[in-house]
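Reading through the structure tokens given below for one structure.
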Amino acid sequence: MLGGIDPVVLIAALMVASVPILLAAIGELVVEKAGVLNLGVEGMMIMGAICGFATAVSTGSVWLGFVGGALGGAGLSLIFAFLTQIMLANQTATGLALTLFGLGFSSLIGQGYGGMKPPPIGPVPFGPLADLPVLGKILFSHDPMVYVSIAVVAATAWFLKKTRKGLILKAVGENHDAAHALGYKVVRIRVLAILFGGALAGLGGSYVSLVRVPQWTDGITAGAGWIALAIVVFGSWKPWRVLLGAWLFGGITVLQLNMQAAGSWLPVQYLSMSPYLITILVLVVMSADRSRAAMNAPAALGKNFQASR
Amino acid sequence: MNRRTLLTSVAAATAVASLPRIALAQAPVKVGYIYVGPKNDGGWSQHHAEAVAKAKAHFGDKVEIVEQETVPEGADAERVMTQMALGGAQLIFATSFGYMEPTLNVAGKFPNVKFEHATGYKTAPNMSAYNARFYEGRAVCGTIAGRMTKSNKIGYIASFPIPEVIQGINSTYIHAKKVNPAVEIKVVWAFTWFDPAKEADATQALIDQGCDVVLAHTDSTAPLATLKKAGAYGFGQAGDMIEYAPTPRLSSVIDEWAPYYIERIQALLDGTWASQNVWYGIKEGMVGIGAISDAVPAEVKAEAEALRDSIAAGTYKPFTGPLNKQDGSAWLADGEVAGDDVLSGLSFYVEGIDAEIPK
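Chains R and Z are the protein sequences, given in the same order.
Taken in order, the first sequence gives residues 26 to 334; the numbers are from our numbering.
Taken in order, the second sequence gives residues -6 to 352; the numbers are from our numbering.
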């Protein structure tokens, strides 16, 4: 016990709390690695939240709900892909517009879904493993999406580091002209990366509306997409560091609520702002070494590509 | 179609569209409503909107309702209300505590428009305050919570440190303690009225801290959804939230705004509207207690209903001495009842609550 808080319960809770931001951040990491800055994560998440919720309610299957959420997020990202990759619109402005559009459109779709309950999802049955003293609660007591999110991190890390396709994706993000000269389809690769990012953001959003809350209301993601964007920078575009960042952020959020409930002597305001303070601190520490920070960011991030030859 | 013909036709269409408005000089009375959350939040804002729909059905063509949902408390609220007033609204209802100062400002700018502010305490010649004694409902819920908790730990998700919320925490604790002397209350401040994800996290944190009955002073149904997963108990807030009965929803504190809205709009139509400051409770029907679910044992149900009835009859007031302040100093002597002047500005916990109010 740590000031009235059980660390085992805390770790288990933070793993669940960080799933949406983790999924969205990993998706955005792949998008940014391909040299595209999509600030529409929040919009794609909330579209995923409503599409996933609507699908789950109408089919009665939470798994189809997750698929629907991913499709909803990917569908919205397709608009972004068309505008920035084909029409060469400014990525920052388009991304912001995507968030605003997603928030409004999800509210429109969600009109009839207030007060409904999605089908429930239980923890993965690990049998006797779940009864282990400490590890059981931390490792074996979660719903399937917690494990899926960690598997996605591992798969992304492997893809970017060990596969030829991953190297090509990174090459496109570092120098699109050189990649084009080598014969890689820059636009096609970027569109696929954007779709992947949209699908994961949508999946993260549907986790909020199907498992974490679980219900639909307007604005349910409440800024999680922005946190995901910050975590990508925080994790310096490395998948495992992004996982760490998501857990740190999720952990502090859970910790501050638990400390309040445990009757901490710290004033509530300091606890509430602690996640943001720590983000700023870590960003400052990280960017202190300028050469390394600059090395990690994809060189062509946010730059549009037009084949001139 | 070139640009010029397009512009001409748009202008023509606008002119045609504005014709009927001129013809309808005897337009219905326009009444505006602003809500802090979406109209389908399942709680506070939805319940206001439903009451407004009842008022609209009551008056029919005589009244035109303009509504704006998800209006942030602060400068945005002032802008929205100004627009409503400029748009011809004659009576504007601002339905959240944080709209108090913005409403006061807009009321100063539009002396001929009437304003009604919910759950506040400031008034002006053209601005009324209306509030409900939610703490009376909390007394009933606190009694049930005190009887139903097995861990002797009750959780309370607080929104903002304002008198209404502090009344609720105190009332819950006093009445839980009355039936269960071993009970403790744990408070988490969410600093929001409506953020389902945060409300769910706060509920989970309270459950992780050993609470098995949690009351919410926020607006969504997220706490009940989380309590259901954990097998703990909770209460409906603002709305009945009957879809979560029999568990986790044991009962609810229901806000009944419709009669007040009908009364005030009627006063406007009659020309008898005057600024006032009302604080109605179970007795006047502004606070309702939702049906107590079957998960509650019959004797506890009877006890809670007896408390409700004694409050309705006016024979019992929830803040009746002997009560001490948190620091142990005397507040109310035996049998002494707290006055509305003290309650409406309540800023301290009663003795026994081990927590601090954020400053």
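For each residue, glycine too, the CB sits at the ideal point set by N, CA and C.
Quantities reported herein were computed from a predicted structural model and do not represent experimental measurements.
Counting every other CB atom within 10 Å of its CB across the protein chains shown gives residue 334 of chain Z a total below 16, marking it as exposed.
Annotation note: the segment 131 to 167 of chain R contains the following uninterrupted alpha helix (DSSP H) runs of length 4 or greater, listed N- to C-terminal: 160 to 164. Identification of chain R residues near residue 195 of chain Z by a Cβ-Cβ cut-off of 9 Å yields 282, 285, 286, ordered along the chain. Pairing residue 311 of chain Z with residue 167 of chain Z gives a Cβ-Cβ distance under 8 Å. Annotation: residue 293 of chain R to residue 285 of chain R spans about 7 Å, alpha carbon to alpha carbon. At a cut-off of 8 Å between C-beta atoms, residue 117 of chain R does not count as an interface residue with respect to chain Z. Annotation for residue 159 of chain Z: 339, 340, 341, 342, 350 place their beta carbon closer than 8 Å to its own, counting only its chain and skipping 5 residues before and after.
Beta-bridge analysis with DSSP links residue 179 of chain Z to Z:148. One finds 139, 140, 240, 242 in chain R with Cβ atoms closer than 9 Å to the Cβ of residue 35 of chain Z, taken in chain order.
As computed with DSSP, residue 242 of chain Z is found in a beta bridge with Z:227. In the three-state reduction of the DSSP assignment, residue 262 of chain Z falls in the helix class. According to the DSSP assignment, residue 172 of chain R belongs to the alpha helix (DSSP H) that extends over 169 to 187. In this structure, the beta-carbon distance from residue 66 of chain R to residue 232 of chain R does not fall below 8 Å.
Taking C-beta separations shorter than 6 Å and ignoring five residues to either side along the sequence, the partners of residue 138 of chain Z in its chain run 147, 169, 206, following chain order. Nearest neighbour of residue 239 of chain R by Cα position, chosen from R:141, R:70, R:89, turns out to be R:141. The straight-line gap separating the alpha-carbon atoms of residue 266 of chain Z and residue 100 of chain Z is approximately 15 Å. Not a single CB atom of chain R sits nearer than 8 Å to the CB of residue 86 of chain Z. Residue 171 of chain R does not reach chain Z, its nearest Cβ partner there being about 14 Å away, counting only Cβ pairs nearer than 8 Å.
The beta carbon of residue 117 of chain Z sits no closer than 8 Å to any beta carbon of chain R.
Of the residues assessed, residue 258 of chain R falls on the buried side of the cut-off, its CB having 16 or more other CB atoms within 10 angstroms.
Residue 211 of chain Z has a beta carbon lying at 8 Å or more from every beta carbon in chain R. Residue contact check for residue 81 of chain R against chain Z: no CB pair falls below 8 Å. Not one beta carbon of chain R lies nearer than 8 Å to the beta carbon of residue 220 of chain Z. From the listed residues R:279, R:196, R:224, the smallest Cα separation to residue 51 of chain R is found for R:224. Following the DSSP letters along the chain, one finds residue 37 of chain Z inside the alpha helix (DSSP H) bounded by residues 37 to 52. Spatial neighbours of residue 80 of chain R in its own chain (CB-CB distance under 6 Å, excluding positions within 5 residues in sequence) are listed in chain order as 89, 90, 93. For residue 186 of chain Z, the closest Cβ of chain R is not nearer than 8 Å.
In this structure, residue 268 of chain Z places its C-beta atom within 8 Å of the C-beta atom of residue 118 of chain Z. Residue 124 of chain R is not a Cβ neighbour of residue 48 of chain R, given a cutoff of 8 Å. Put simply, of R:280, R:70, R:121, R:219 the residue whose alpha carbon is nearest the alpha carbon of residue 198 of chain Z is R:280. Taking one beta carbon from each stretch, the segment 228 to 235 of chain Z and the segment 106 to 126 of chain Z have fewer than 3 pairs nearer than 8 Å; the two do not touch. Taking C-beta atoms as the reference points, residue 261 of chain Z and residue 84 of chain Z count as a pair closer than 8 Å. Excluding its 5 nearest sequence neighbours in each direction, residue 143 of chain Z has C-beta neighbours in its own chain below 8 Å: 205, listed in chain order. Collapsing the DSSP output to three states places residue 324 of chain Z in a strand. With respect to residue 219 of chain R, residue 56 of chain R sits close: the two C-beta atoms are nearer than 8 Å. Comparing C-alpha distances from residue 137 of chain R to each of R:76, R:39, R:41, R:313 shows the shortest one belongs to R:76.
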